Amino acid sequence: MFEARLVQSSIFKKVLEAIKELLNEATFDCSDSGIQLQAMDSSHVSLVSLNLRSDGFDQYRCDRNLSMGINLASMTKIMKCAGNDDIMTMKAQDNADSVTFMFESPNQEKMSDYEMKLMNLDQEHLGIPETDYSCVIKLPSAEFARICRDLSQFGESVVISCTKEGVKFSAAGDIGSANIKLAQTANVDKEDEAVSIEMQEKVSLTFACRYLNYFTKATPLSPQVCLSMSAEVPLVVEYKIGEIGHIRYYLAPKIEE
Amino acid sequence: VEEQNEMNSFYQKS
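The listed protein sequences correspond, in order, to chains A and B. Okay, so the first sequence: first residue is 1 according to our numbering, each after it adds one. Okay, so the second sequence: first residue is 1001 according to our numbering, each after it adds one.
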């Protein structure tokens, strides 16, 4: 049997917001170590990797590994029924064809449960090797969201160039061009507002704006975002999810023809 | 002209 209890159901709501525009359905793999999800968008240009560790839940039990194929639009409907302060419990029997979501109000005067049918999904798992990236950039997540939004007005692509001095985001199109440079922050009073760059080698890569904008739906999950880049490999955009885990997005770079 | 790569060209099926 599988049972996972999360006092802050808002975390799960935010996770769902962070993936539902990129994916229509996904398999949640539940094991003793937690809940994992890996899925590519329908065009196979990007990949989402979610990890929620079992020790981050308030209660967690998973007797047998369980793969839950879930339609994310259906799950969104159910999560809309949860209050932000509700306590959430997910429950499924071994080999179940449905999962139950239970929501309790903080004062425990309202209890609701919703059963959702599971799907059988063909899933293509990709092995992503541990990589030492040439550039690792940490910046405020709201700043990154703003940059992606602003630059998407200029063109379909964003060039991200990283040097020791800073990181530059550029876009160009019919109306003209745009460049946004961020320098590493000198004095960091507030860690959440810092821009930090670890660079082994300069990197400049081109990415589709559209996907970067999808990734920024994860902004409410974390005050900081981490971008990892190396030449000719996918960009990694990582948001920490409190003390429970992380969501990583991988985006294949564009190549000049 | 830019061409969009797919994930499968970077990572193998596991």
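Ideal Cβ placement from N, Cα and C applies to all residues, glycine included. These numbers come from a predicted model, not from an experiment.
query                                                                                                                               : result
9 Å Cβ cutoff, threonine 27 of chain A in contact with chain B                                                                      : no
Euclidean distance between Cα positions of alanine 92 of chain A and arginine 248 of chain A                                        : 26 Å
4-residue-minimum alpha helix (DSSP H) runs that sit fully inside the stretch 51 to 90 of chain A, ordered along the chain          : 72 to 79
Pairwise C-alpha distance: glutamine 36 of chain A and aspartate 122 of chain A                                                     : 16 Å
Ordered list of beta strand (DSSP E) runs contained in the stretch 105 to 154 of chain A, each at least 3 residues                  : 111 to 117, 135 to 140
Contacts of isoleucine 128 of chain A in chain B (Cβ-Cβ under 8 Å)                                                                  : Tyr1011
Segment limits, alpha helix (DSSP H) that includes lysine 14 of chain A                                                             : 9 to 19
Environment of valine 188 of chain A [buried if 16+ CB atoms lie within 10 Å]                                                       : exposed
When A/Gln38, A/Phe154, A/Ser9, A/Glu165 are compared against glycine 127 of chain A, the one with the closest alpha-carbon         : A/Gln38
Under 7 Å by beta carbon: chain B residues contacting threonine 206 of chain A                                                      : Glu1002
DSSP-derived helix/strand/coil call for phenylalanine 1010 of chain B                                                               : coil
Three-way DSSP call (helix, strand, coil) for glutamate 156 of chain A in this model                                                : coil
Neighbouring residues, chain B, relative to valine 45 of chain A (Cβ below 9 Å)                                                     : Gln1004, Asn1005, Glu1006, Met1007
Beta-bridge pairing of leucine 47 of chain A - partner residues as DSSP gives them                                                  : A/Met40, A/Tyr250
Glutamate 1003 of chain B versus leucine 22 of chain A - alpha carbon distance                                                      : 20 Å
Proximity winner among A/Val237, A/Ile19, A/Met40, A/Arg5, relative to arginine 61 of chain A (alpha-carbon distances)              : A/Arg5
Beta-carbon spacing of phenylalanine 144 of chain A, threonine 206 of chain A below 9 Å                                             : no
Close Cβ partners of glutamate 193 of chain A (< 6 Å) along its chain, the five nearest in sequence each way excluded               : Pro140
Touching by the beta-carbon criterion (3+ pairs, under 8 Å), the stretch 88 to 102 of chain A and the stretch 158 to 178 of chain A : no
C-beta atoms of arginine 53 of chain A and glycine 69 of chain A nearer than 9 Å                                                    : no
Leucine 253 of chain A vs asparagine 1005 of chain B beta-carbon contact at 9 Å                                                     : Checking the sequence, you will find proline at residue 253 of chain A rather than leucine. It is a contact, given that the beta carbons lie within the stated cut-off.
Reduced DSSP category for asparagine 179 of chain A - H, G, I as helix; E, B as strand; rest coil                                   : strand
Chain-ordered residues of the stretch 149 to 173 of chain A with a beta carbon less than 7 Å from chain B                           : Ser157
Residue environment, methionine 111 of chain A, which counts as buried when at least 16 other CB atoms sit within 10 Å              : exposed
With 16 other Cβ atoms within 10 Å as the buried cut-off, status of methionine 1 of chain A                                         : exposed
Straight-line gap, alanine 172 of chain A to lysine 181 of chain A (C-alpha atoms, nearest Å)                                       : 15 Å
9 Å Cβ cutoff, valine 233 of chain A in contact with chain B                                                                        : yes
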